[in-house]
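Shown next, in structure tokens, is the structure this report addresses.
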């Protein structure tokens, strides 16, 4: 028999076939190979040499004819339509598809074949069969398809019934088979190892029908997921396979790796038959790169490897992960993991056997602690079952080394697990991990997830886990541990300890949440049942709520019990919040720690207590050095927060806000990094105050808002006055009076005004009233500051310079002499004046003195404020000086000073430079009509205010109501204004005066 010697070499009944197929010459025709029967000399490519060199294959002659004559081109099937009509690219399946086509060609020549396609879950077995079916139809063959399923695995002959649903089969034969199947339903259950008589009749009728159809065209019988097929159907299929070896019938079975078939012995019999096996591996990086390129047009370097790592190459999961990625052009090397990926992985899992879901739940619960032994103990499964199922999960790409490839998959598995099953698995896993000595935190996470205690041992494990969580600043996990332990603790003493520890952690995140646990402990505190850290936690809470009396009694009890360190720490908090208060009933005397206490307390508390006294006793020479040293060595903790705040405030009151800012920023960042919301909020509030002292109004506003956003006002308690005071002051200085008005209208605890921060709040509100022409309201607030500071013996201008504040209000009311007396008194206080307070005092003093005496006072104030680093007060002083120069006729100096004032105002976002000063930049002569030579012609502050409102169109009555003065006083002021300015009435008021008067 001769077969086209250009492509093959005949050797009796076998043919030599070149590896890779016949080559072609330059003309496109196959290259001639030497003929062994020609008698000629062997060519370099002779058969003997070719076989020896492993260049040729020895194959049956019939198969060689198939190889030579078939016209299959896999490129025609590289893209196909799935069951939903979507175009799907066939990736890395060219060899398998080509092999199926080759076997089908052999079948077409009358050689019945059986093919078993094996692969993991969602590895593409079904799609491969689907694409092969297109080739069969193109070759005029007929393909009968059925699918095994778990739901129909007990339905006898269900798979055979599916195969008959093809209209191309002869109707009479199909009807006959269906009749036989109907009668077989009553024939009883078949034996697993042999076919029943009734089913043999069905198999015979099916075989006859298929052989009859195969005379006209080749037939392919394809059963997808044959491992899930019912046992009778498998018997019928085996019957068919044994009788088609010389017919044009091809059997294609797909089987899942690691899956036990419905009939194990029948499955073994299938394995004994001659068959072609095609193994489907998961996609490699090359195939994934092809998919990425086809979808996005470009495959970023490293993306394919990352996708392979997350999916194991499972086509369904790969496509799910690619669905999660953003639009073309936005794809990065690290893929985005979202819902599509998790859903695809979940779908892969549920396409496996039922045991796969059970094992997957165990793996999801055990997480990183999963081992084969633990998994078997947790699930109560045999080693063989565990190994088989895990192998299937690994080959499907879901799992690698007993770990899900991404946490989202494990989370999805648990999310879709019924609560009672999940909780039971988590409790059992917690018990197992506890038995083998795993870390307490690992055990606790399982108990928290189950929200249930597994036994008496769990309480101590949860408390230990909370301690370990705090080492990593995982406060929320620690809180969950203690909350769960508290609900199951029966011992009263331990219950109290857990309650206080839990409240302490909740306070770090939200003091209002801690209040519900601490409030019931007030009685135990005053009865002396609490000591040490437990008492300190309750007292801190009470202080934040404003109950000074109870807190002081508790501190006294601690001192009597010789709880020296705790008492000293609490006195520091008392001093920081409430100052050194004196008085009779209902008053609390808070002083620095007594000497016996000071000798016993630790260095941190002793240093902070002495620094906190600066607010009440005045600045000392070594304050800055001591505060800086303390802050440089400070590590944030619940107790050290008070120490840090005391040191920062000491620097602020020492006119070194620059140093305070340098320490405060990293401390606030540390608090944020460690998730301590309360610490962060308190430190941001201090940082806002520091920025305000520096004249950085924008930063003061931003930091104070951050502080208030972190905690609800209820959580702030009496300390809410701190950030509120800064916000009111900053927005007032920036000219945002509407914003400041909203802040002033906020409801605050009444007791807040009885605190140190409350005094700052009153001062800020007073300046808001002053800026909005509510002079009497401002006067009331400044007088309240005066009364409280004197009463509490904390009358220190470095804290709140209330005398200069009150003097400014009095100047607006024309009370010059009283204002000068207040400022002079403030300047004469020994040892209490830093450069900032002295500079402010000189500026206010200048406003109440004769015009020609103002420049030297203001110039000195400028030098002092510049050294203190307060740009806001510096801007105000420069503005005042520019106006004085202008009134004195020194227009060059006025312009230069005005320009500098405007520059400083822009730097600190202040809105205080008068319009008249801005006009001076281009002025060549005087703007107002006041002669610098006659001081009596200078308008008083009261006259200026009345004149300004009159020029704006207000009636005399409206002016009186707004300034809280009588109608007669308004008329007197206007008479003097008209005389001094030499005008006949309101219409004669020069426009140049208006900005000055508004200032």
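In the working numbering, the protein residues as written are -12 to 986.
Positions of the beta carbon are idealized from the N, C-alpha and C atoms, including for glycine.
Quick caveat, the model's predicted, so the values are computed rather than measured.
Proximal residues to residue i (C-beta, below 7 Å), its chain only, five neighbours per side dropped
i	result
residue 108	243, 335, 338, 339, 379, 383
residue 78	270, 274, 277, 278
residue 752	715, 731, 768
residue 53	At residue 53, the pLDDT of 44 sits below 50, so the modelled position is not reliable and the matter cannot be decided from this model.
residue 456	428, 464, 465, 468
residue 436	413
Assigned secondary structure, residue i (DSSP; H/G/I helix, E/B strand, else coil)
i	result
residue 985	Low confidence applies here, because residue 985 scores a pLDDT of 41, under 50, leaving its location unreliable and the question unanswered by this model.
residue 792	helix
residue 80	coil
residue 974	helix
residue 264	strand
residue 802	coil
residue 698	coil
residue 275	helix
residue 708	helix
residue 104	strand
residue 440	coil
residue 749	helix
residue 852	helix
residue 638	helix
residue 524	helix
residue 96	coil
residue 1014	Missing from the structure shown is residue 1014; the chain here goes from -12 to 986 and no further.
residue 130	strand
residue 951	coil
residue 283	helix
residue 506	helix
Cβ neighbours of residue i in the same chain (closer than 6 Å, five flanking residues each side left out)
i	result
residue 828	791, 810, 813, 814
residue 454	none
residue 227	194
residue 355	none
residue 694	668, 671, 672, 710
residue 972	none
residue 712	747, 748, 751
Contact check, residue i vs residue j, beta carbons under 8 Å
i	j	result
residue 1023	residue 196	Nothing can be reported for residue 1023, as the shown portion of the chain is limited to -12 through 986.
residue 852	residue 860	yes
residue 858	residue 891	yes
residue 862	residue 895	yes
residue 215	residue 95	no
residue 625	residue 491	yes
residue 525	residue 542	no
residue 430	residue 417	yes
residue 212	residue 135	yes
residue 220	residue 146	yes
residue 112	residue 241	yes
For residue i, the first and last residue of its enclosing beta strand (DSSP E)
i	result
residue 237	236 to 243
residue 209	206 to 211
Beta-carbon contacts of residue i that lie in its chain and below 8 Å, excluding the five residues immediately before and after
i	result
residue 844	829, 830, 832, 833, 836
residue 330	307, 399
residue 519	550, 553
C-beta neighbour in chain C for residue i, strict 8 Å
i	result
residue 516	Note that chain C does not occur in the displayed structure, where there is just one protein chain.
Residue i: first and last residue of the uninterrupted alpha helix (DSSP H) it sits in
i	result
residue 863	858 to 874
residue 307	302 to 310
residue 883	878 to 895
residue 537	535 to 547
residue 514	Residue 514 -> no alpha helix (DSSP H), and no H or E assigned at all.
residue 651	644 to 660
residue 552	551 to 565
residue 773	762 to 778
residue 478	It is not in any alpha helix (DSSP H) - residue 478 carries neither H nor E in the DSSP assignment.
residue 366	359 to 366
- Give, in chain order, every unbroken run of the alpha helix (DSSP H) that is at least 4 residues long and sits entirely within the segment 372 to 405. If we require 4 residues or more, the alpha helix (DSSP H) runs fully inside the segment 372 to 405 come out as 394 to 402.
- Task: Report the residue ranges of all beta strand (DSSP E) runs contained in full by the segment 133 to 191; include only those spanning at least 3 residues, in chain order.
- Result: none
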